Every structure is written in structure tokens, then in C-alpha cells.
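Only one structure is covered here, and it is reproduced in the block below.
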């Protein structure tokens with residue numbers, strides 16, 4: 009009756025996948041059985057699912073998460089190839105960042121401090137900011153930065169409002185593979201624009217901050233983490249106390265900058281007094297600012 013269907017055991021034999029893996033793929037919607045006997049619960053698969061199972065195994069061998077595999081396999085032709093290429097570029101970028109992190113950790117373990125950063129201080133005036141905040145791990149951070157910046161920019165555009173300064177991120181806790189310290193993305197504006205949904209409005213108090221510039225070639229984890237450490241060490245040496253969370257300021261040139269161009273600042277607010285040490289955070293890639301809306305309030 010179901011001569012074109014095969015059992016889960018036969019599927020396992022043809023693909024060399026375990027029964028456990030095949031059941032997992034079925035539960036995740038990647039490889040649902042073509043038929044399940046309502047009385048016995050036995051699973052049957054179509055012959056075309058043999059090739060799909062092989063493709064799942066192939067992409068898993070490349071380290072692709074199941075959710076991404078579903079996206080690739082549900083696409084067709086050049087789109088599936090494009091999605092695979094995008095995934096691999098991301099993995100290569102992560103590998104490069106981890107390689108840099110190892111190099112920086114080697115310096116720290118050897119007792120060497122970052123010395124290639126020129127730290128200055130500046131006064132930052134009070135400013136109103138739109139903001140959105142979330143607990144994110146390192147894996148979720150790039151997506152959160154991109155999503156949040158677009159959310160804030162869209163809200164400004166809809167209100168006919170304009171940025172009054174560069175976008176910046178405030179790290180209220182450590183962001184790593186295991187730590188999901190809250191991250192706040194802020195868009196300064198002088199326009200009359202209110203909160204909406206996940207977007208809040210607050211006043212960032214005036215403060216002094218120590219900062220060091222970051223160039224495009226220093227966008228990776230180790231270089232920017234070293235910049236956080238350098239600014240923190242400078243505060244300790246000057247016996248200044250940290251007064252607010254570490255932050256990174258992103259300038260509009262990030263997307264088009266040459267390797268040696270200044271694209272961001274790593275900054276730590278401080279007050280003169282007892283010694284305090286800022287906590288370095290996992291460093292995001294910069295988020296470019298969009299063109300400012302022509303109409304302002």
C-alpha cells in the first residue's frame with residue numbers, strides 16, 4: 009500500500025544517520041515523516057527525503073545550526089547557495105575574532121598591558137537619547153546591534169526627527185559566550201520625539217569621560233577589548249573613579265572607512281576621586297549611522 013515509503017531504519021541505513029538524529033530532525037520540522045501509523049506510531053519516509061536527509065547531514069558537518077539548515081533547504085537554487093556563503097563568511101569572521109582574542113589573552117597572561125592607545129579626556133554635555141536595551145550574549149550581540157540601530161533610526165524618521173550625535177552602545181555588564189550583561193543602544197536627539205514600544209527616552213547626564221579612538225583595522229575583539237583595558241588602566245593610574253558603564257561611540261564613517269581611519273571611540277565615564285576600574289566587554293562590530301532625515305523638529 010505504501011510501497012514508495014521506507015521505514016526510519018531504512019532511511020538510517022541509506023543515509024548513515026542515527027535513529028536519534030532522524031527523530032531530532034523530525035521534531036525540529038526539518039525532516040518530518042511522510043506518514044505516521046496512528047496505531048503503532050511507526051514512521052515512514054518518502055524516497056525524496058533520503059536526499060534531504062543527506063543534505064542536512066552535509067550542512068551539519070559544516071557546523072550549521074538546525075535553524076539555519078531549515079532556512080537553506082527551504083530555499084532553492086542560487087538563494088540556498090547565497091545563504092550558505094553568508095553563513096560561512098560569518099563563521100570565518102568569528103574564527104578571526106577568536107584568533108585575535110587568543111593573541112590578546114596571551115599578552116594578558118604574560119603580564120603585558122596594552123600600550124598602543126592614546127587616552128584623552130573630554131566633557132560630554134547632557135543629552136536626550138532614544139534607547140533600547142536587552143540582555144544578549146556574544147552570539148546574539150551583532151544581530152541586536154543591527155536590529156536596534158534600525159529600530160531607533162526608523163523611529164526618528166517617522167517622527168521627522170534627527171540624530172544630534174553619533175550612535176553609542178552602553179555595556180551595563182559583561183557580554184560573552186556565557187554572560188548576557190544588558191546592552192543599551194542609544195541615539196542622541198534634540199528633537200521632540202517620544203517613546204514607543206521597546207524604545208524609551210531618557211536624559212544622559214553630563215559627565216567627563218576618558219576615551220581612546222579606534223580605527224577600522226581595530227574592529228576585532230582583541231583590539232577593542234585591549235582599548236577597554238587601556239582606558240581602564242589609565243583611570244587607575246590617574247586615581248579616577250568610574251562613574252558609569254563602559255561605552256563605545258560609533259561614527260558614520262564606519263561602513264566606508266579605510267583601515268587607518270578613525271571610526272569609533274571606546275570611552276569610560278569617570279569622576280575624580282577614589283580609584284575605580286571599568287569592566288571590558290565583548291566588543292561589537294560598529295553599526296553605521298544612516299543619513300539624517302531632512303526634516304527636523
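Numbering (our numbering), first residue to last: 9 to 305.
Beta carbons are placed, not taken as given, at the ideal position from N, Cα and C, and that holds for glycine.
For clarity, every value in this text was computed on a predicted model and none was experimentally measured.
Residues that residue i bridges to, as DSSP identifies them
i	result
residue 136	211
residue 258	272
residue 191	142 and 179
residue 217	130 and 277
residue 196	137
residue 112	For residue 112, which the question treats as bridged, DSSP gives no partner whatsoever.
residue 250	278
residue 222	272
residue 235	Per DSSP, none; premise fails for residue 235.
residue 15	52
residue 171	197
Residue from the options whose Cα sits closest to the Cα of residue i
i	options	result
residue 205	86, 238, 156 and 74	156
residue 189	69, 165, 258 and 141	141
residue 215	254, 22, 29 and 91	254
residue 220	274, 98 and 212	274
residue 249	217, 184, 261 and 212	217
residue 22	54, 49, 182 and 34	54
residue 147	102, 128 and 120	102
residue 241	13, 70 and 125	125
residue 61	95, 24 and 93	24
residue 184	106, 89, 276 and 166	106
residue 132	234, 213 and 233	213
residue 1	127, 75 and 89	Since the first and last residues shown for the chain are 9 and 305, residue 1 lies out of range.
residue 182	134, 169 and 236	236
residue 207	80, 13 and 137	137
residue 95	75, 114, 111 and 112	75
residue 18	239, 271, 167 and 52	52
residue 192	143, 39, 174 and 239	143
residue 169	200, 152, 153 and 177	200
residue 12	116, 258 and 56	56
residue 113	232, 68 and 270	232
residue 280	152, 145, 129 and 20	129
residue 115	276, 238, 259 and 167	238
Whole-number beta carbon distance between residue j and residue i, since they are thought to touch under 8 angstroms
i	j	result
residue 172	residue 198	4 angstroms
residue 16	residue 32	The pair is not a contact, with the Cβ atoms about 12 angstroms apart (cut-off 8 angstroms).
residue 37	residue 78	7 angstroms
residue 119	residue 99	Their Cβ separation, rounded to whole angstroms, is 33 angstroms, which puts residue 119 and residue 99 out of contact at 8 angstroms.
residue 243	residue 195	That pair is no contact at about 27 angstroms.
residue 203	residue 209	5 angstroms
residue 251	residue 278	6 angstroms
residue 257	residue 272	6 angstroms
residue 80	residue 67	6 angstroms
residue 40	residue 34	5 angstroms
*Evaluate contact between the stretch 25–44 and the stretch 83–95, counting only Cβ atoms and requiring at least three cross-stretch pairs below 8 angstroms.*
no
*asked:* Using 8 angstroms as the cut-off, can you tell me whether the stretch 264–282 makes contact with the stretch 217–225, which would need three or more C-beta pairs spanning the two stretches below that distance?
replied: yes
*Identify every run of the beta strand (DSSP E) within the stretch 29–103, keeping only runs that are complete inside it and at least 3 residues long; order them along the chain.*
51–54
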